Amino acid sequence: MIRKLVEIFKSKELRERIFFTLGIFLVFKIGTTLIVPGITPNIIEFKDGDLFSLMNVLGGNSLQNFSLFALGISPYITSSIIIQLLSMMEILPKLSELSKQGEKGRKKLDNATRYLTIILAAVQGFGTIKLMEGYGLTPVHGGIFTTWDYIYITITIVAGSMFVLWLADRISSKGIGNGVSMIIAAGIVSTIPTQMMGAYRNFIDFGLSNNVIISGIISFMIYLLAYLLFILFVVFIEKSVRKIPLQHSQNTTKPGDVHHLPVKLNPAGVIPVIFSSSFMMAIVTIASMFGSENQTAVLISQIFNMSADVNGVYWGLMIYVFLIIVFTFFWSNMQLDPAKLSENLAQNNSYIPGIRQGRETENYLSKVINRVAAVGGLTLSAVAALPILLTIWFDLDSSIAFGGTSLIIVVGVALETYEQVKSKLAGKEYKGFGKRGA
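Numbers in the working numbering are just positions in the sequence shown, counted from 1, shifted up by 3.
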């Protein structure tokens, strides 16, 4: 591990990329503390299991402070979901055509996503202000928000959201990792000390008897151990693969060489969790536009609260789990298109033993990918849901509720970034070897 770190910092390019990324993180963190002008500085307290509590965690406490980055990158993620669904399901033929036009088409789709982001950010921004009024958000001039207050605050946080997107783009182009994922992970990491302190206060109270204090300390140690086991389990999920054996019709390799097509247990990575939470938050914020007095908006807010039961049913948690599984299938089939994989195998004179090339291979790969996605989706949703269930069953601090979601994202992003750094190091070594050979 230490050797790898030394190798990373020996590479000038990687060193510059890492420091550039850390610099962007610093700018992002500063932005999460800058309160929107005209708002009374208050720390907003969220209800247990409230989606806005999750939105706050993903945004690095920016919503709790109602900072310039209150919306975070959520509108862009929601826009991405909409554009990808429209293009995949061929609802808008124009978008479907663009998705098949290679790099040029992808750029046009990205532009469409950004235009939609501005519209959604405005809608979500206004909805967030309306909802935050119910949490004690007030203007500095006192009284209620005026029409002008709504307009300029919405414009301010929309601009903040687009600036966060710009920061994410800079990371993708000049830093390390996927910019959007890195920004979300940075926000989560910055809230971990707060989560730990919340758990500490929940378990330990030195004002009580010695037996209760000792019991609390033991409970807190168990919590820390569970946290570590969660991390190890998420790493296990992310690193596990299903190996599909391959053979070559023109095999020039040595006898005994084994060839496989590795399919990750969780091909979709952290995307389903990010998509599911962002999608649910978008619905709640849009419903909030109609005001806290609107019965439909209140009902939607209750239904999407993951720790609240509506008529004895935890609808919010069920919807969250369902969306994670659905998005896992959706994204897995986008990342691992059976038709393209089958075509690539044929072009490389490779085949799966006992399976004919062409349609039969495509159907076989589709089955494998869907089975793997089913296991990955169920595992992801279980990891995300378990901490929420624990807060319901044992009346734990609300900061623990979204620990599973946070860990999935942080660990997943860390592993993806590590793999990217490894590939860059391997590229450097290959170039160096080529020069020595010349």
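Heads up, the beta-carbon is just placed ideally off N, CA and C, and yes, glycines get one too. Remember, it's a predicted structure, so these values are computed and weren't measured experimentally.
A distance below 6 Å between beta-carbons, with the five flanking residues on each side excluded, links T408 to the following residues of its chain, in chain order: V276 and A387. Bridge partners of R109 according to DSSP: none are assigned. Here DSSP, grouped into helix, strand and coil, assigns K242 to helix.
Less than 8 Å separates the beta-carbon of S83 from that of T116. For K103, the secondary structure class from DSSP, reduced to helix, strand or coil, is coil. Residues I207 of the same chain have their beta carbon placed closer than 7 Å to that of I220, with the five preceding and five following residues left out of the count. Of the residues L29, F72 and M284, the one whose Cα lies closest to the Cα of I38 is F72.
When secondary structure is reduced to three states using DSSP, I247 falls in the strand class.
Taken in chain order, no unbroken stretch of beta strand (DSSP E) lies wholly in the segment 272-360 with a span of 3 residues or more. Assignment of P78 by DSSP, reduced to helix, strand and coil, places it in the helix class. In this structure, I122 lies away from V424, with their beta-carbon atoms at least 8 Å apart. Counting only residues of its own chain and dropping the five nearest sequence neighbours on each side, G130 has a CB closer than 6 Å to the CB of T288, I289, S291 and M292.
Spanning the alpha carbons of V215 and Y203 requires a straight line of approximately 14 Å. The criterion of a C-beta distance shorter than 8 Å is not satisfied by T120 and Y155. A contact between stretches requires three or more CB pairs, one per stretch, nearer than 8 Å, and the segment 265-283 meets this requirement with the segment 368-385.
Exposed is the label assigned to Y118, since fewer than 16 other Cβ atoms lie within 10 Å of its Cβ.
Take V192, set aside five residues on each side of it, and the residues of its chain with a beta-carbon closer than 7 Å to its own are V413, in chain order.
For S164, the CB contacts under 6 Å within the same chain, skipping 5 residues up- and downstream, are L74, P78 and A124 in chain order.
From the listed residues A285, G139 and E346, the smallest Cα separation to E363 is found for E346. According to DSSP, I42 shares a beta bridge with P142. Secondary structure note for P390: its alpha helix (DSSP H) is the uninterrupted segment R362 to F397.
K177 has its alpha-carbon roughly 16 Å from the corresponding atom of Y421. Given a length threshold of 4 residues, each whole run of the alpha helix (DSSP H) inside the segment 166-252 is given here in chain order: 182-206 and 213-242.
Rounded to the nearest whole angstrom, the C-alpha separation of I358 and F307 is 45 Å. Around the Cβ of P356, a 10 Å sphere holds fewer than 16 other Cβ atoms; the residue is exposed. Per DSSP, the unbroken beta strand (DSSP E) holding L264 starts and ends at H262 to K267. The criterion of a C-beta distance shorter than 8 Å is not satisfied by F332 and A189. Non-local beta-carbon contacts of P341 in its own chain, meaning distances under 7 Å to residues more than five positions away in sequence, involve E365, L368, S369 and I372 in chain order. When the beta-carbon positions are compared, T157 and G128 come within less than 8 Å of each other. Under DSSP, S70 shares a beta bridge with I38. About 5 Å separates the CB atoms of I76 and V167; that is less than 8 Å, so the two are in contact.
Taking the Cα of F223 as reference, the smallest distance to any Cα among M200, S212, L348 and V324 is reached at M200.
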